[in-house]
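Chemist: Quick one: structure below, then a few questions.
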Amino acid sequence: MLSDPDIERAASQLADYRTNNALPDILDKYSALLEGYRRLKSDYEEERDAREKYKQMARGQERNPFVLVLVDGDGYVFHESLLSKGADGGSHAAQLLHESIKASLQLKGLEHCQVMVRIYANLAGLSKTLHKVGLAGTERRSLAPFVASFNRSYGLAEFVDAGDLKENADFKLRAMMNLWAENTQCKHIYFAACHDVGYISDLVPYMGNYGRFTLINTPGVKFHDEFTKLDLGIEELPGVFRAASGGAPTWSLGDQAPTRTDGQKAVCRFHSSGRCKYGKACKNLHIEDATNSKATWRSTTNDPQSAAGGSLQEPRRRTPPLFNMRSDVATDFMNGYSAHATSLLAGLDVLALPKKGNIPEGQVAVNKNGFRLDPYIPPSGLEILSRLKAHISRQRVCNNFHLNGFCEAGDHCGYDHGPLEEGFKQALESLARSMPCGKRGACRNAACTCGHVCQNGDCKHRGGNGYCKLSPQSHSEELAVARYVPATNDPPHNRQSSSARASTAASTTDEDDVPTMTTRAALGEEEEQGISSRKSSGKLIELDSIKSTMST
Numbered sequence: 001m002l003s004d005p006d007i008e009r010a011a012s013q014l015a016d017y018r019t020n021n022a023l024p025d026i027l028d029k030y031s032a033l034l035e036g037y038r039r040l041k042s043d044y045e046e047e048r049d050a051r052e053k054y055k056q057m058a059r060g061q062e063r064n065p066f067v068l069v070l071v072d073g074d075g076y077v078f079h080e081s082l083l084s085k086g087a088d089g090g091s092h093a094a095q096l097l098h099e100s101i102k103a104s105l106q107l108k109g110l111e112h113c114q115v116m117v118r119i120y121a122n123l124a125g126l127s128k129t130l131h132k133v134g135l136a137g138t139e140r141r142s143l144a145p146f147v148a149s150f151n152r153s154y155g156l157a158e159f160v161d162a163g164d165l166k167e168n169a170d171f172k173l174r175a176m177m178n179l180w181a182e183n184t185q186c187k188h189i190y191f192a193a194c195h196d197v198g199y200i201s202d203l204v205p206y207m208g209n210y211g212r213f214t215l216i217n218t219p220g221v222k223f224h225d226e227f228t229k230l231d232l233g234i235e236e237l238p239g240v241f242r243a244a245s246g247g248a249p250t251w252s253l254g255d256q257a258p259t260r261t262d263g264q265k266a267v268c269r270f271h272s273s274g275r276c277k278y279g280k281a282c283k284n285l286h287i288e289d290a291t292n293s294k295a296t297w298r299s300t301t302n303d304p305q306s307a308a309g310g311s312l313q314e315p316r317r318r319t320p321p322l323f324n325m326r327s328d329v330a331t332d333f334m335n336g337y338s339a340h341a342t343s344l345l346a347g348l349d350v351l352a353l354p355k356k357g358n359i360p361e362g363q364v365a366v367n368k369n370g371f372r373l374d375p376y377i378p379p380s381g382l383e384i385l386s387r388l389k390a391h392i393s394r395q396r397v398c399n400n401f402h403l404n405g406f407c408e409a410g411d412h413c414g415y416d417h418g419p420l421e422e423g424f425k426q427a428l429e430s431l432a433r434s435m436p437c438g439k440r441g442a443c444r445n446a447a448c449t450c451g452h453v454c455q456n457g458d459c460k461h462r463g464g465n466g467y468c469k470l471s472p473q474s475h476s477e478e479l480a481v482a483r484y485v486p487a488t489n490d491p492p493h494n495r496q497s498s499s500a501r502a503s504t505a506a507s508t509t510d511e512d513d514v515p516t517m518t519t520r521a522a523l524g525e526e527e528e529q530g531i532s533s534r535k536s537s538g539k540l541i542e543l544d545s546i547k548s549t550m551s552t
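In the UniProt record's numbering, the protein residues as written are 1 to 552.
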């Protein structure tokens, strides 16, 4: 049996154990740890689910990327060469617009994106305006066949009639831009409404967002200076919208003579040139030339007798300027015979040219007259032109090597055979095709890099301002392929020999101190009168012709 001291010692130990027992604390901490773990697990599962949903959403947004092309159709009017074709012109307009945007996307690294086009316009008002210049019929919505063909040609292209009320097109355009501007599936927006400063406030939030917005400029309308302050990309789409001569007088639709109706007299074609032999006895109307025509229309409007007799009257309401025209084409329209201008435009359907991949190897394409046809070259933008000029200012390039894959001079060639940036080859081919081939349509050399037919969208022969070196026959031939004929291995027939071409350069420059651009393609025809030229080892090419050619 324990002694009393042992009992006291045991009791003291028991008291100490009860005082220092940590097990309850350990159990409480363990319980709290389990509760914290449960909360962390719940948060983790929620975060994991949210992450998975985000990944699925991101995959969905990247699945169908697209770019949006917004066009105010009341200000940006399609080219006459397209409008004059009626329903067929609608499909060609959609195709040309689509190819121009695709060419621009290649430079932005967005060639994988689809192109969604939305054009909004007052169709009735636009039809009426274009009817006055002979580009539309007399019906209230005479452009309807053109629009229907445009909409059928490409699933994501829509030409929408916004209605007759004022600002309807503006309202629709703003709504579409605000809807897609922050959408991640929409990778880029091309904005073609820079004739109206009312859109400035809508674009201000995106100022400086060069990678998101591109403004479309066209010489046919005034590009307001306020848009340049937005620090956004600016590009042109040559050949798509109406382009006007920079130096030609502006022709406003509100100042022109209205077209005649069935009850009015025809316009005498010979009076303006002083060749009408009937004088006042002529049964047709005698209209003054373009410089005096406005006064003539106003005088006939104020004359009740002339108005009753069916003479031309000024419209009741002045229509805002829609586009400019070259003075010679405008004169044709005002003298009542627009067929001359439209026939030239209709014959220059470059979209009918064969695609390079469709031409069989060892053959060349010809039309029904046996005239040599070049492969279609998609238009190149001004951005690629600037980069190409900068490249050539450092090192001149060899056309034969880059376009045909070989060079007769080989290692002795004085021009660059190094790789070109993406897009340069297409622009270089456009430049080479602006040089006429000496054999013209009779050329059968598949390796010939010179031009046989005109593909310049701003060519002076189709109402533009670009200088073109190709012969008149190159502008009048049909561009539809009739057949493919065997090619020859003859050297290109220019006015220089092969050895001369290997050592001869044609340089390009302009007034703005543009870097020299050298091409080994030789010129086949002399410069036209009035064009600055100079002869040395090559010939001087006007920069305007290069710009218009390379952007076509």
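We put the CB at the ideal spot given by N, CA and C, even for glycine.
Quick one: residues in its chain with C-beta nearer than 7 Å to the C-beta of residue 141, no 5 flanking neighbours on either side, listed in chain order?
Modeler: 123, 124 and 127, listed in sequence order.
Chemist: Could you tell me whether the stretch 147 to 156 touches the stretch 88 to 102, using the rule of 3 or more Cβ pairs below 8 Å?
Modeler: Yes: the two stretches touch, three or more of their Cβ pairs being nearer than 8 Å.
Chemist: Could you tell me which uninterrupted beta strand (DSSP E) segments, each at least 3 residues in length, are contained entirely in the stretch 98 to 179, listed from first to last along the chain?
Modeler: Taking only runs of at least 3 residues, the beta strand (DSSP E) segments lying wholly in the stretch 98 to 179 are 114 to 121 and 157 to 161.
Chemist: How many Å lie between residue 116 and residue 94 at the Cα?
Modeler: Distance between the alpha carbons of residue 116 and residue 94: 11 Å.
Chemist: Find the nearest neighbour of residue 70 within the set 160, 64 and 137, judged by alpha-carbon distance.
Modeler: Minimum Cα distance to residue 70 is reached at 160.
Chemist: Would you be able to state if there are at least three C-beta pairs under 8 Å between the stretch 158 to 177 and the stretch 37 to 54?
Modeler: No, they do not touch.
Chemist: Taking residue 202 as part of the alpha helix (DSSP H), name the residues at either end of that continuous run.
Modeler: Residues 200 to 203.
Chemist: Going along the chain, which unbroken runs of the alpha helix (DSSP H) with 4 or more residues stay wholly within the UniProt zinc finger region "C3H1-type" (392 to 420)?
Modeler: Segments of the alpha helix (DSSP H) lying fully in the UniProt zinc finger region "C3H1-type" (392 to 420): 399 to 404.
Chemist: Use the C-beta contact count for residue 204: other C-beta atoms within 10 angstroms, 16 or more gives buried, fewer gives exposed.
Modeler: Per the 10 Å Cβ criterion, exposed.
Chemist: Quick check on residue 146: buried or exposed, where buried means 16 or more other Cβ atoms within 10 Å of its Cβ?
Modeler: So residue 146 counts as buried.
Chemist: For the putative contact between residue 461 and residue 372, defined by C-beta atoms under 8 Å, what is the C-beta separation to the nearest angstrom?
Modeler: Actually they are not in contact, since the Cβ atoms of residue 461 and residue 372 sit about 18 Å apart, beyond 8 Å.
Chemist: If you run the structure through DSSP and keep just helix, strand and coil, what is residue 223?
Modeler: Correct three-state label for residue 223: coil.
Chemist: Determine, using beta carbons only, whether residue 454 and residue 470 come nearer to each other than 8 Å.
Modeler: The answer is yes: Cβ separation under 8 Å.
Chemist: Tell me the residue span of the beta strand (DSSP E) that contains residue 561.
Modeler: The chain is shown from 1 up to 552; residue 561 falls before or after that span and cannot be answered.
Chemist: Strictly by DSSP, which residues pair up with residue 92?
Modeler: DSSP lists no partner for residue 92.
Chemist: Would you identify the three-state DSSP class for residue 456, choosing helix, strand or coil?
Modeler: Residue 456: coil per DSSP, three-state reduction.
Chemist: Mind checking whether residue 382 and residue 236 have CB atoms under 8 Å apart?
Modeler: Yes; because the gap between Cβ atoms is below 8 Å, this pair is in contact.
Chemist: At which residues does the beta strand (DSSP E) containing residue 236 begin and terminate?
Modeler: It spans 233 to 236 - the beta strand (DSSP E) in which residue 236 sits, taken as one unbroken run.
Chemist: Suppose you measure from the CA of residue 211 to the CA of residue 232; what does that come to, to the nearest Å?
Modeler: Going from the Cα of residue 211 to the Cα of residue 232 covers about 8 Å.
Chemist: Rounded C-beta distance between residue 114 and residue 64? I'm assuming under 8 Å.
Modeler: Yes, residue 114 and residue 64 are in contact; Cβ-Cβ is about 7 Å, under 8 Å.
Chemist: Would residue 403 and residue 432 be called neighbours here (beta carbons separated by less than 8 Å)?
Modeler: Yes; because the gap between Cβ atoms is below 8 Å, this pair is in contact.
Chemist: Output the boundary residues of the beta strand (DSSP E) element that contains residue 192.
Modeler: It spans 186 to 192 - the beta strand (DSSP E) in which residue 192 sits, taken as one unbroken run.
Chemist: To which residues of the same chain is residue 67 closer than 8 Å at the C-beta, ignoring the five residues directly before and after it?
Modeler: Closer than 8 Å at Cβ, skipping near neighbours: 101, 105, 110, 113, 114, 115, 116, 186, 187, 188, 189 and 190.
Chemist: In angstroms, rounded to a whole number, what distance separates the CA positions of residue 400 and residue 423?
Modeler: Going by the C-alpha atoms only, they are around 17 Å apart.
Chemist: Check whether the stretch 473 to 484 touches the stretch 357 to 372, taking contact to mean three or more Cβ pairs, one atom from each stretch, closer than 8 Å.
Modeler: Flag = yes, the stretch 473 to 484 and the stretch 357 to 372 touch.
Chemist: Report yes if the C-beta distance between residue 488 and residue 440 is below 8 Å; otherwise report no.
Modeler: Not closer than 8 Å, so no.
Chemist: Is residue 121 near residue 162, with beta carbons less than 8 Å apart?
Modeler: Yes, they are a contact pair.
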